[in-house]
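J.: Numbering (my numbering), first residue to last: 413 to 742. Every residue, glycine too, gets a C-beta built ideally from N, C-alpha and C. Just passing along the structure, written as structure tokens.
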Amino acid sequence: MKKQKTVAIIGAGMAGITLARQIHEQARVTVFEKSRGYGGRMAVRRQDVWQFDHGAQFFTARSSDFQLLTASLVDAGIIAAWEPRIVSLQPADKPYKRLWYEPHYVAVPGMSSVVKHLATELDVRLQTRVAAIHRFRQGWLLQDEAGQELGQYDLVIAALPAPQCIELMPAEFSGQSQLAAVEYSPCFALMLGFEQSLNLSFGAAIVKDSPIGWIAVGNARPGRSDSSSLLLHSDNHWAEDNLELPLPEVQQSLLNALADLRGIDLPAPAHIDLHRWRYARVEGESFPGVLLDEKQGLAACGDWSHGKRVEDAFLSGLILGQTLSDLLRG
Ligand SMILES: Cc1cc2nc3c(=O)[nH]c(=O)nc-3n(C[C@H](O)[C@H](O)[C@H](O)COP(=O)(O)OP(=O)(O)OC[C@H]3O[C@@H](n4cnc5c(N)ncnc54)[C@H](O)[C@@H]3O)c2cc1C
413 MKKQKTVAII GAGMAGITLA RQIHEQARVT VFEKSRGYGG RMAVRRQDVW QFDHGAQFFT
473 ARSSDFQLLT ASLVDAGIIA AWEPRIVSLQ PADKPYKRLW YEPHYVAVPG MSSVVKHLAT
533 ELDVRLQTRV AAIHRFRQGW LLQDEAGQEL GQYDLVIAAL PAPQCIELMP AEFSGQSQLA
593 AVEYSPCFAL MLGFEQSLNL SFGAAIVKDS PIGWIAVGNA RPGRSDSSSL LLHSDNHWAE
653 DNLELPLPEV QQSLLNALAD LRGIDLPAPA HIDLHRWRYA RVEGESFPGV LLDEKQGLAA
713 CGDWSHGKRV EDAFLSGLIL GQTLSDLLRG
């Protein structure tokens with residue numbers, strides 16, 4: 413019997429796990445993830461009685477491949493359609509109601525549940541940051557931050573935001589210049605937990621002319637039974653301008669901006685937390701596609717390869733997986 417190739421995938425977000433599912437029967441696949449959990453930017457943070465989806469808020473499904481997956485995930489109870497009362501807010505104006513014209517989904521009970529579910533039966537090493545990739549005979553040797561060896565692989569794939577792919581991938585990777593052309597904007601996530609229930613007239617709000625870009629009421633989302641919570645995302649341009657500001661100053665600016673919004677009357681929060689997403693959203697409209705350097709045994713995928721959303725991360729893993737399946741079989 414022909415010996416299976418060994419493949420290392422770095423990153424257990426939507427792209428990396430979708431890819432691993434595509435090829436795990438044709439190769440010996442190991443996924444490395446630096447965090448304690450799955451999902452990457454489809455993230456959840458829990459504190460006491462509160463739960464916050466502090467990364468991706470929802471996802472839509474426009475391609476037939478992703479629609480197929482979302483239909484099966486709805487049936488399995490892993491995701492649910494989210495139909496909040498959604499409004500636009502501006503500091504000087506009253507809230508006005510908006511409409512969503514396509515289904516929006518959230519994972520249940522938290523956004524990371526989708527990727528965790530998809531990773532069942534895969535070999536995923538959590539809390540393992542790949543720090544170096546060295547040439548070794550015909551393949552690659554991976555090391556963690558402490559210099560410990562993580563194994564030798566025929567093929568290494570970075571399923572990370574493009575700037576992190578550049579940092580980690582060996583200089584001989586032919587995709588480096590295309591990765592360098594991808595730009596991300598940052599975002600701050602402010603998490604507020606309350607002891608009283610909130611009396612708000614909306615489940616989600618798009619905010620204009622403010623350091624805040626988005627507000628979601630946590631327990632207005634399907635499958636969330638936690639106490640009252642609010643998740644705020646900063647405006648991406650505001651985050652760009654204030655990226656290196658000390659976090660307490662960012663927090664205060666966002667709280668001030670919240671107080672400036674009309675139609676929101678809140679009790680004092682019992683819990684406040686802030687997260688900085690350095691690589692939140694892909695900017696621009698030109699995407700390089702997945703990058704495969706067959707000669708070197710290196711590849712990269714992620715949302716940046718096809719767009720800027722959860723569905724694009726899925727498609728990037730799927731398309732690279734379909735290409736590699738043929739190569740690994742042959
Ligand atoms: C604030 C915010 C809001 C968003 N809102 C939406 C939305 O509403 N709808 C939508 O469709 N999309 C949204 N997105 C975008 C969406 O989250 C991403 O497009 C998608 O999740 C990207 O998946 P990915 O697998 O490409 O990358 P990631 O999810 O970033 O996965 C990369 C993984 O690699 C891991 N990693 C990094 N370096 C290493 C290393 N050296 N070793 C091991 N592991 C490593 C990371 O921990 C991470 O788990 C949002 C993103 C953010 C940050």
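Would you call Gln-463 buried or exposed, if buried means 16 or more other Cβ atoms sit within 10 Å of its Cβ?
T.: The residue in question, Gln-463, is buried, as its Cβ has 16 or more Cβ neighbours within 10 Å.
J.: Among Thr-442, Ser-447 and Tyr-517, which one has its Cα closest to the Cα of Gly-635?
T.: Closest option to Gly-635, Cα to Cα, is Tyr-517.
J.: Given this structure, state the Cα-to-Cα distance separating Asp-715 from Tyr-513, to the nearest angstrom.
T.: Approximately 23 Å, taken between the alpha carbons.
J.: Relative to the alpha-carbon of Phe-548, which residue among Asp-535, Val-594 and Asp-566 has its alpha-carbon at the smallest distance?
T.: Answer by Cα proximity: Asp-566.
J.: Counting along the chain, where does the beta strand (DSSP E) carrying Glu-595 start and finish?
T.: Segment 595-605, the beta strand (DSSP E) holding Glu-595.
J.: Would you say the beta carbon of Cys-577 is closer than 7 Å to some non-hydrogen atom of ligand 1?
T.: Not under cutoff, so the answer is no.
J.: Verify the contact flag: Phe-585, CB atom, against every heavy atom of ligand 1, threshold strictly below 7 Å.
T.: Checking every heavy atom of ligand 1 against the Cβ of Phe-585, none is found closer than 7 Å.
J.: Just list the residues that DSSP pairs Asp-705 with in beta bridges.
T.: Per DSSP, Leu-710.
J.: Among all the DSSP beta bridges, which residues are the ones paired with His-683?
T.: DSSP, once it has assigned bridges, lists Gly-605 as partnering His-683.
J.: Within the same chain, show all residues whose beta-carbon is closer than 7 Å to that of Leu-386, passing over the 5 residues directly before and after it, in chain order.
T.: This structure leaves residue 386 out entirely; the chain is present only between 413 and 742.
J.: Where in the region 526-604 do unbroken runs of the beta strand (DSSP E), each at least 3 residues long, occur, reported from the N-terminal end onward?
T.: For the region 526-604, whole beta strand (DSSP E) runs of length 3 or above, ordered along the chain, are 542-548, 551-556, 561-565 and 567-571.
J.: Looking only at its chain, what residues have a beta carbon closer than 6 Å to the beta carbon of Thr-418, apart from the 5 residues adjacent to it on each side?
T.: The residues are Arg-440, Tyr-565 and Asp-566.
J.: Between the Cα of His-687 and those of Gly-709, Leu-481 and Pro-598, spot the shortest distance and give me the residue it belongs to.
T.: It is Pro-598 whose Cα lies nearest to the Cα of His-687.
J.: How long is the line joining the alpha carbons of Phe-470 and Gly-675, rounded to whole angstroms?
T.: Approximately 24 Å, taken between the alpha carbons.
J.: For Ala-420, is the beta carbon positioned less than 7 Å from some heavy atom of ligand 1?
T.: Result no, Cβ not under 7 Å from ligand 1.
J.: How about the region 658-667 and the region 475-490: do they share at least three Cβ pairs that are nearer than 8 Å?
T.: With a cut-off of 8 Å, the region 475-490 and the region 658-667 do not count as touching, because too few Cβ pairs lie within range.
J.: With distances taken between CB atoms, is the gap from Leu-604 to Ile-684 smaller than 8 Å?
T.: In this structure, Ile-684 lies closer than 8 Å to Leu-604 by Cβ.
J.: Give the straight-line distance between the Cα atoms of Gly-452 and Pro-573, rounded to the nearest whole angstrom.
T.: Taking the straight line joining both Cα atoms gives about 10 Å.
J.: Out of Leu-642, Gly-709 and Glu-584, point me to the one whose CA is closest to Leu-678's CA.
T.: Of Leu-642, Gly-709 and Glu-584, the residue nearest in Cα terms is Leu-642.
J.: Using the DSSP secondary-structure output, state which residues sit across from Gln-459 in a beta bridge.
T.: Answer is Trp-462, bridged to Gln-459.
J.: Determine the extent of the beta strand (DSSP E) in which Trp-626 is found, giving its start and end residues.
T.: Start and end: 624-629.
J.: Looking only at DSSP bridge pairs, what is Trp-689 linked to?
T.: Looking at the DSSP assignment, Trp-689 forms a beta bridge with Cys-599.
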